[in-house]
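Single-structure report; data block below.
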Amino acid sequence: MKRVFSGVKPTGHLTLGNYLGAMRQWAEVDQHRSDALFCVVDLHALTVDHDPARVRRLSRQAATLLLAAGLDPELCTVFVQSHVDEHARLSYVLECVATDGEMRRMIQYKEKAARERERGGSVRLSLLTYPVLMAADILAYGADEVPVGDDQAQHVELTRDLAVRFNQRYGHTFVVPRATVPAVAARVMNLQEPASKMGKSDDVGPGIVYLLDEPDVVRKKVMRAVTDSGQDVVYDREGRPGVSNLLEILAACTNGNPADLSGVYESYGALKKDTAEAVVELLRPVQARHKELCADPAYVEEVLRRGAEKARAMARPTVDAAYRAIGLLPAAETGAVTGAVVSAAG
Ligand code: TRP
34 MKRVFSGVKP
44 TGHLTLGNYL
54 GAMRQWAEVD
64 QHRSDALFCV
74 VDLHALTVDH
84 DPARVRRLSR
94 QAATLLLAAG
104 LDPELCTVFV
114 QSHVDEHARL
124 SYVLECVATD
134 GEMRRMIQYK
144 EKAARERERG
154 GSVRLSLLTY
164 PVLMAADILA
174 YGADEVPVGD
184 DQAQHVELTR
194 DLAVRFNQRY
204 GHTFVVPRAT
214 VPAVAARVMN
224 LQEPASKMGK
234 SDDVGPGIVY
244 LLDEPDVVRK
254 KVMRAVTDSG
264 QDVVYDREGR
274 PGVSNLLEIL
284 AACTNGNPAD
294 LSGVYESYGA
304 LKKDTAEAVV
314 ELLRPVQARH
324 KELCADPAYV
334 EEVLRRGAEK
344 ARAMARPTVD
354 AAYRAIGLLP
364 AAETGAVTGA
374 VVSAAG
């Protein structure tokens with residue numbers, strides 16, 4: 034069976050964009066047709082200015098929402114990255130295969146570092162090495178497929194390069210993965226700035242619908258979405274990004290088709306109203322399940338404990354093999370006969 038790995042970074046509250054663009058596909062498709070791991074990648078949340086208590090809170094919330102969205106621990110592995118040491122262990126080894134030039138060429142690094150410097154802040158070294166840790170996340174599990182948004186495609190490309198390079202230099206160790214674009218997922222844009230993606234890290238924005246927004250908040254945000262000049266409802270991503278985004282959201286919520294839906298509406302108001310209700314209905318069961326899970330934190334903790342245990346068992350042999358291949362001396366097992374080592378050292 035194919036192995037699939039993906040991760041969510043606990044740097045903000047999860048959004049409708051995360052759900053329609055990724056999580057729903059993980060729950061409805063990936064966990065059923067593959068051996069899938071879904072990871073709350075908390076180590077990645079430390080690459081920019083962060084508040085420890087907030088990261089902790091968001092990590093727990095992200096894990097709970099993954100389960101609320103329908104990931105079933107009987108079908109897939111849900112866990113927290115920092116619970117499994119293999120990620121950090123492998124990351125260091127991969128740093129010895131990657132080059133600094135490669136890291137500095139990463140678009141996301143260049144953008145984030147520039148933004149940070151503009152604000153007069155300093156850039157954490159981990160922001161530069163982040164893609165190597167991401168490569169370790171993927172390679173540790175021998176993942177074949179990595180469902181991610183196109184903003185992560187370059188990082189998966191780097192992961193492939195590192196896997197191939199390591200295999201050539203030190204012997205075949207890693208599966209070379211590929212990025213996959215979710216088949217049914219929508220690319221949800223910010224309701225206030227339909228040219229940019231509805232990302233969670235932008236934080237409090239009137240154009241972002243969070244998965245845990247109350248129905249009335251959802252309605253207000255959708256009703257206030259920017260539309261385009263013009264009156265008629267047409268589906269045209271370039272020319273009419275605002276209206277097209279609403280059509281796509283409505284289509285994704287109702288399993289419809291945005292072009293077909295555009296013919297149904299005479300006014301922006303009617304489209305907004307139906308879109309708002311569709312989003313409210315889409316989120317209702319996720320929010321209800323989230324509430325149940327929050328009432329039972331011991332259950333969530335147990336799922337994460339078992340997830341980390343399973344993940345560790347999967348990653349361990351590959352990371353050990355990488356250590357041996359690159360020339361690190363294996364540690365003797367406790368209780369094993371060490372006479373040979375002692376006499377050789379003498
Ligand atoms: N970098 C990804 C993001 O910002 C999160 C991530 C970390 C990830 N490790 C991963 C995604 C491994 C897929 C596979 O969204």
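Everything in the sequence shown is counted per this note's numbering, starting at 34 for the first residue and increasing by one. Where a beta carbon is used, it is the ideal one built from N, C-alpha and C, also for glycine.
Whole-number beta carbon distance between residue j and residue i, since they are thought to touch under 8 angstroms
{"i": "K306", "j": "A258", "result": "That pair is no contact at about 11 angstroms."}
{"i": "I282", "j": "T308", "result": "6 angstroms"}
{"i": "A212", "j": "V181", "result": "6 angstroms"}
{"i": "G238", "j": "T351", "result": "That belief does not hold up - the Cβ atoms of G238 and T351 are roughly 40 angstroms apart, past 8 angstroms."}
{"i": "N223", "j": "G240", "result": "4 angstroms"}
{"i": "S115", "j": "D75", "result": "5 angstroms"}
{"i": "A292", "j": "V113", "result": "Actually they are not in contact, since the Cβ atoms of A292 and V113 sit about 41 angstroms apart, beyond 8 angstroms."}
{"i": "Y298", "j": "V266", "result": "4 angstroms"}
{"i": "A69", "j": "L123", "result": "No, A69 and L123 are not in contact; Cβ-Cβ is about 19 angstroms, not under 8 angstroms."}
Whether residue i touches residue j by CB criterion (9 angstroms)
{"i": "V73", "j": "A55", "result": "no"}
{"i": "A344", "j": "V117", "result": "yes"}
{"i": "A348", "j": "E119", "result": "yes"}
{"i": "C286", "j": "L245", "result": "no"}
{"i": "V160", "j": "E151", "result": "Correcting the residue type first, residue 160 is Leu in the shown sequence and not Val. No, Cβ-Cβ distance for L160 and E151 is not below 9 angstroms."}
{"i": "E135", "j": "F38", "result": "no"}
{"i": "R424", "j": "L100", "result": "No statement about residue 424 is possible, as the shown extent of the chain runs from 34 to 379 and does not include it."}
{"i": "V221", "j": "K230", "result": "yes"}
{"i": "K42", "j": "R66", "result": "no"}
{"i": "V111", "j": "V336", "result": "yes"}
{"i": "E310", "j": "R252", "result": "yes"}
{"i": "D183", "j": "V214", "result": "yes"}
{"i": "L294", "j": "A303", "result": "no"}
Opposing strand residues paired with residue i [DSSP bridges]
{"i": "M36", "result": "Here residue 36 turns out to be Arg, not Met, going by the sequence shown. Paired residues: D68."}
{"i": "Y243", "result": "T48"}
{"i": "M222", "result": "K230"}
{"i": "R211", "result": "E178"}
{"i": "T110", "result": "L70"}
{"i": "V41", "result": "V73"}
Residue closest to residue i, alpha-carbon to alpha-carbon, out of the options
{"i": "Y142", "options": "L100, Q185, G153 and V214", "result": "Q185"}
{"i": "F199", "options": "A131, S300, A365 and A311", "result": "A131"}
{"i": "H83", "options": "E335, L49, C327 and V156", "result": "V156"}
{"i": "A121", "options": "A168, E144, R87 and T206", "result": "A168"}
{"i": "E247", "options": "F71, V319 and K42", "result": "V319"}
{"i": "Y52", "options": "S229, V312 and P330", "result": "V312"}
{"i": "S300", "options": "L70, E335, R270 and S262", "result": "S262"}
{"i": "H77", "options": "L70, R66 and G45", "result": "G45"}
{"i": "V254", "options": "P274, L279, G272 and E271", "result": "Here residue 254 is Lys; the residue named in the question, Val, does not match the sequence. It is L279."}
{"i": "T48", "options": "G232, R270, G272 and E271", "result": "G232"}
{"i": "P210", "options": "R252, A196 and A228", "result": "A196"}
{"i": "V126", "options": "E366, A365 and A355", "result": "A355"}
{"i": "G40", "options": "F71, E366 and G50", "result": "F71"}
{"i": "R98", "options": "A364, V333 and T367", "result": "The sequence as given places Leu at residue 98; Arg does not occur at that position. Considering only alpha carbons, the answer is V333."}
{"i": "T162", "options": "G154, I140 and G153", "result": "I140"}
{"i": "Q225", "options": "L294, P274, T206 and Q264", "result": "P274"}
{"i": "E271", "options": "Q264, N290 and A228", "result": "A228"}
{"i": "L326", "options": "K145, A102 and G360", "result": "A102"}
{"i": "R202", "options": "N288, R87 and I359", "result": "I359"}
{"i": "T206", "options": "D269, D353 and M256", "result": "D353"}
{"i": "D133", "options": "L158, A364, A328 and N290", "result": "L158"}
- the stretch 48 to 64 / the stretch 80 to 93 touching (three or more Cβ pairs under 8 angstroms): no
- Query: Would you call the stretch 187 to 198 and the stretch 102 to 112 touching, i.e. three or more CB-CB distances under 8 angstroms?
  - Reply: Contact fails: fewer than three Cβ-Cβ distances are below 8 angstroms.
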